[in-house]
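Below: the structure, in structure tokens.
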Amino acid sequence: MIISSTADYRAAAQKRLPPFLFHYIDGGAYAEQTLRRNVEDLAAVALRQRVLKDMSRLDTSIELFGEKLSIPVALSPVGLTGMYRRRGEVQAARAADAHGIPFTMSTVSVCPIEEVAPEIKRPMWFQLYVLKDRGFMRNALERAQAAGCTTLVFTVDMPVPGARYRDAHSGMSGPNAALRRYWQSVLHPRWALDVGLQGRPHDLGNISAYRGSPTGLQDYMGWLGANFDASISWKDLEWIRAFWKGPMVIKGILDPEDAKDAVRFGADGIVVSNHGGRQLDGVLSSARALPAIADAVKGQIKILADSGIRNGLDVVRTIALGADAAMIGRAYIYALAAAGESGVKHLLELLEKEMRVAMTLTSVSKVSDITGELLVREMKG
19 MIISSTADYR AAAQKRLPPF LFHYIDGGAY AEQTLRRNVE DLAAVALRQR VLKDMSRLDT
79 SIELFGEKLS IPVALSPVGL TGMYRRRGEV QAARAADAHG IPFTMSTVSV CPIEEVAPEI
139 KRPMWFQLYV LKDRGFMRNA LERAQAAGCT TLVFTVDMPV PGARYRDAHS GMSGPNAALR
199 RYWQSVLHPR WALDVGLQGR PHDLGNISAY RGSPTGLQDY MGWLGANFDA SISWKDLEWI
259 RAFWKGPMVI KGILDPEDAK DAVRFGADGI VVSNHGGRQL DGVLSSARAL PAIADAVKGQ
319 IKILADSGIR NGLDVVRTIA LGADAAMIGR AYIYALAAAG ESGVKHLLEL LEKEMRVAMT
379 LTSVSKVSDI TGELLVREMK G
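Quick note on the working numbering: the sequence shown kicks off at 19 and runs consecutively.
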């Protein structure tokens, strides 16, 4: 199969993965309207093509939170990454490291922090939720700092899990889920050998390290439902801000007023995100939410954005809409599932190449020149 885009990697991942895993990463909440809008609204952003500006020297790098990034992209935290390829967090982190960008470790990763951190040269970022078990939160933060993680990405748009209809149909949850997952695995022997047999333990590594006992996939959904904290408020984050020594980024911002609250709280950055359309269906796409948020807080706080970004052109669009950098999740998981570490490396090469084409044809030689001036007038805001 010829692979030349994220769409190709998605098709390859669908062939390789058992349906319960493919639909878990591919799906969204409710009728998946926001999931679709994330992609469609970003693709509809029109850029101004400019020519004859001498684009022989072009620089895609940026500095973010004191780190040099080869492109303005970080890998988003994705739960269960290690179920998509053998020890998947390790493979994805290596690929990000090789390309000179950050990998963000999820709270609900398969591989624990201590397995991934020694495999890469640059420090990881670490993602955390507000959970009812504050002891786990403190333990995770202590272990992340001990492993050299520099930036904390704090996800705030998941006080309760979203209603994801696909999961009940695919076997991730619902009646006879364990049996359905077993038969799907049997019918996908390449995945079964690579991950099912050779990728063990199938465990929530960070949680098991705290509990002292395995927390497997069968416990995953129940653990999430029991531990997310719907009482979360800004005051609950104050001890974390005081405890964490590095930059703290608030992920899951869609409203300018919440962005202003993040500035007042003292966060170093925000991620404009609707959780990839996996939480509240019908909310704004990140592309639609981003300009108003940038108008409210640009220059006061670093702005990252995710949800719907599938290629390097989308990265340029996202920055033109007001972000300082982009984060990608689904795109790299498709590549990881299809081709492992080499697939993620190739995807990042594609993103950079696509960025360079877009920058050349919009006549911007460095990322800081990607501004709202690149947007066709009727698309502004």
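Just so you know, even glycine gets a beta-carbon here, dropped at the ideal spot from N, CA and C.
(request) Pick out whichever of R208, E372 and F246 has its Cα sitting closest to the Cα of R152. (result) Against the sequence shown, residue 152 aligns to sequence position 134. Measuring from the Cα of R152, the nearest candidate turns out to be F246.
(message) I'd like the list of long-range same chain contacts for N56, defined as Cβ closer than 8 angstroms, with 5 residues on each side in sequence excluded.
(response) Position 38 of the sequence shown, counting from 1, holds the residue named residue 56. The residues are N292, G294, G295, S303, S304, A305, S325 and G326.
(request) Would you mind sorting A341 into buried or exposed? The rule is 16 or more other CB atoms within 10 Å of its CB. (result) Translated into positions along the sequence shown, residue 341 becomes position 323. So A341 counts as buried.
(message) By alpha-carbon positions, which one of D77, L98, A277 and G97 ends up nearest to S88?
(response) Residue numbering aside, residue 88 sits at position 70 when the sequence shown is read from its first letter. Cα-wise, what sits closest to S88 is D77.
(message) Can you tell me where the beta strand (DSSP E) holding L146 begins and where it ends?
(response) As a position in the sequence shown, residue 146 is number 128, starting the count at 1. L146 -> beta strand (DSSP E) spans W143 to Y147.
(message) Can you tell me whether M19 is buried or exposed? The criterion is at least 16 other CB atoms within 10 Å of its CB, across all chains shown.
(response) Sequence index remark: in the sequence shown, residue 19 carries index 1 (1-based). Its Cβ having fewer than 16 others within 10 Å, M19 is exposed.
(request) With V91 as the anchor, note down where its beta strand (DSSP E) starts and where it stops. (result) In the sequence shown, counting from the first residue as 1, residue 91 sits at position 73. Its beta strand (DSSP E) spans residues V91 to L93.
(message) Count Cβ pairs between the region 88 to 97 and the region 367 to 383 that sit closer than 8 angstroms; are there 3 or more?
(response) Enough Cβ pairs lie closer than 8 angstroms, so yes.
(message) What does the Cβ neighbour count give for A186, buried or exposed, with the cut at 16 atoms within 10 Å?
(response) Numbered from its first residue, the sequence shown carries residue 186 at position 168. Classification for A186: exposed.
(message) Going by beta-carbon coordinates alone, are I311 and I271 separated by less than 8 angstroms?
(response) For this step, residue 311 is matched to residue 293 along the sequence shown. For this step, residue 271 is matched to residue 253 along the sequence shown. It is a contact, given that the beta carbons lie within the stated cut-off.
(request) Could you spell out where the alpha helix (DSSP H) holding M345 opens and where it closes? (result) The residue given as residue 345 occupies position 327 in the sequence shown. Looking at the DSSP string, M345 is not in any alpha helix (DSSP H); the run it does join, the beta strand (DSSP E), is A343 to I346.
(request) State the DSSP-derived secondary structure class of V57, mapped to helix, strand or coil. (result) Mapped onto the sequence shown, residue 57 falls at position 39. If DSSP states are grouped into helix, strand and coil, V57 belongs with the helices.
(message) Given a cut-off of 8 angstroms on the beta-carbon distance, is the pair I131 and A110 in contact?
(response) Along the sequence shown, read from residue 1 onward, the residue named residue 131 stands at position 113. Along the sequence shown, read from residue 1 onward, the residue named residue 110 stands at position 92. No.
(message) If you follow the beta strand (DSSP E) that F172 is in, where does it begin and where does it stop?
(response) To locate residue 172, count along the sequence shown from 1; it is residue 154. Unbroken beta strand (DSSP E) run through F172: T169 to T173.
(request) Could you check the C-alpha separation between V178 and Y147 for me, to the nearest Å? (result) Your numbering for residue 178 matches position 160 in the sequence shown. Your numbering for residue 147 matches position 129 in the sequence shown. The straight-line gap from Cα to Cα measures roughly 11 angstroms.
(request) Return helix, strand or coil for G270, following the three-state DSSP convention. (result) For this step, residue 270 is matched to residue 252 along the sequence shown. Correct three-state label for G270: strand.
(request) For W201, count neighbouring Cβ atoms within 10 angstroms of its own Cβ and tell me buried if that reaches 16, exposed if not. (result) Indexing the sequence shown from 1 puts residue 201 at position 183. Classification of W201: exposed, given that the 10 Å Cβ count is below 16.
(message) Give the list of continuous alpha helix (DSSP H) stretches no shorter than 4 residues that lie fully inside the region 39 to 88.
(response) 51 to 61
(request) If I'm right that Y42 touches S188 with Cβ under 8 angstroms, what's the distance once you round it to whole angstroms? (result) Sequence index remark: in the sequence shown, residue 42 carries index 24 (1-based). Sequence index remark: in the sequence shown, residue 188 carries index 170 (1-based). Contact holds; Cβ gap of about 7 angstroms.
(message) Assuming the contact rule is C-beta atoms closer than 8 angstroms, A323 and V289 should be a hit. Round their C-beta distance to whole Å, please.
(response) By 1-based counting over the sequence shown, the position of residue 323 is 305. By 1-based counting over the sequence shown, the position of residue 289 is 271. Right, their Cβ atoms sit about 7 angstroms apart.
(request) Pull up the CB-CB distance for L354 and G361, whole angstroms please, since I reckon it's below 8 angstroms. (result) Residue numbering aside, residue 354 sits at position 336 when the sequence shown is read from its first letter. Residue numbering aside, residue 361 sits at position 343 when the sequence shown is read from its first letter. With 8 angstroms as the limit, L354 and G361 qualify as a contact, their Cβ atoms being about 6 angstroms apart.
(request) Starting from the Cα of L255, find the closest Cα among G223, R184, I21 and L170 and give me that residue. (result) By one-based count along the sequence shown, residue 255 stands at place 237. When only C-alpha atoms are compared, the closest one is L170.
(request) Return the chain-ordered ranges of every alpha helix (DSSP H) run that is complete within the region 158 to 233 and spans a minimum of 4 residues. (result) 183 to 188, 195 to 204 and 223 to 229
(request) Please classify L98: does DSSP put it in a helix, a strand, or coil? (result) Position 80 of the sequence shown, counting from 1, holds the residue named residue 98. Coil.
(message) Per DSSP, what are the beta-bridge partners of K384 in this structure?
(response) What you label residue 384 is simply residue 366 of the sequence shown in a count that begins at 1. DSSP output for K384 lists D77 as bridge partner(s).
(request) Check A248 in the structure and name its three-state DSSP category. (result) Translated into the one-based positions of the sequence shown, residue 248 becomes position 230. Secondary structure of A248 (DSSP, three-state): coil.
(request) Return helix, strand or coil for A376, following the three-state DSSP convention. (result) Locating residue 376 in the sequence shown gives position 358, counting from the first residue. The answer is helix: DSSP assigns A376 an H, G or I state.
(request) Check K253 in the structure and name its three-state DSSP category. (result) By 1-based counting over the sequence shown, the position of residue 253 is 235. Residue state, collapsed to three classes: helix.
(message) Need the endpoints of the beta strand (DSSP E) that K316 sits in, please.
(response) The residue you call residue 316 lines up with position 298 of the sequence shown. K316 -> no beta strand (DSSP E), and no H or E assigned at all.
(message) Let me confirm a value: V375 is counted as buried when at least 16 other C-beta atoms fall within 10 Å, else exposed. Which label applies?
(response) Mapped onto the sequence shown, residue 375 falls at position 357. The residue is exposed, with fewer than 16 neighbouring Cβ atoms inside 10 Å.
(request) Note the first and the last residue of the continuous alpha helix (DSSP H) segment covering V289. (result) Stepping through the sequence shown from its first residue, residue 289 is reached at position 271. Element bounds for V289: not the alpha helix (DSSP H) but the beta strand (DSSP E), G287 to V290.
(message) Considering just the uninterrupted stretch of the alpha helix (DSSP H) at V134, what are its terminal residues?
(response) The count along the sequence shown starts at 1 and reaches residue 134 at position 116. Counting along the chain, the alpha helix (DSSP H) containing V134 begins and ends at I131 to V134.
(request) Take A135 as the anchor and find which of K150, P309, M155 and R105 has the nearest alpha-carbon. (result) Working through the sequence shown from its first residue, we reach residue 135 at position 117. Measuring from the Cα of A135, the nearest candidate turns out to be R105.
(message) In this structure, how does DSSP classify M123 when only helix, strand and coil are distinguished?
(response) Indexing the sequence shown from 1 puts residue 123 at position 105. For M123, the three-state secondary structure derived from DSSP is strand.
(message) Could you check whether M345 and A92 sit closer than 8 angstroms to each other, using their CB atoms as the reference points?
(response) As a position in the sequence shown, residue 92 is number 74, starting the count at 1. As a position in the sequence shown, residue 345 is number 327, starting the count at 1. In this structure, M345 lies closer than 8 angstroms to A92 by Cβ.
(message) My output table needs one value for L339: the three-state DSSP class, helix, strand or coil.
(response) Along the sequence shown, read from residue 1 onward, the residue named residue 339 stands at position 321. Coil at L339, not helix or strand.
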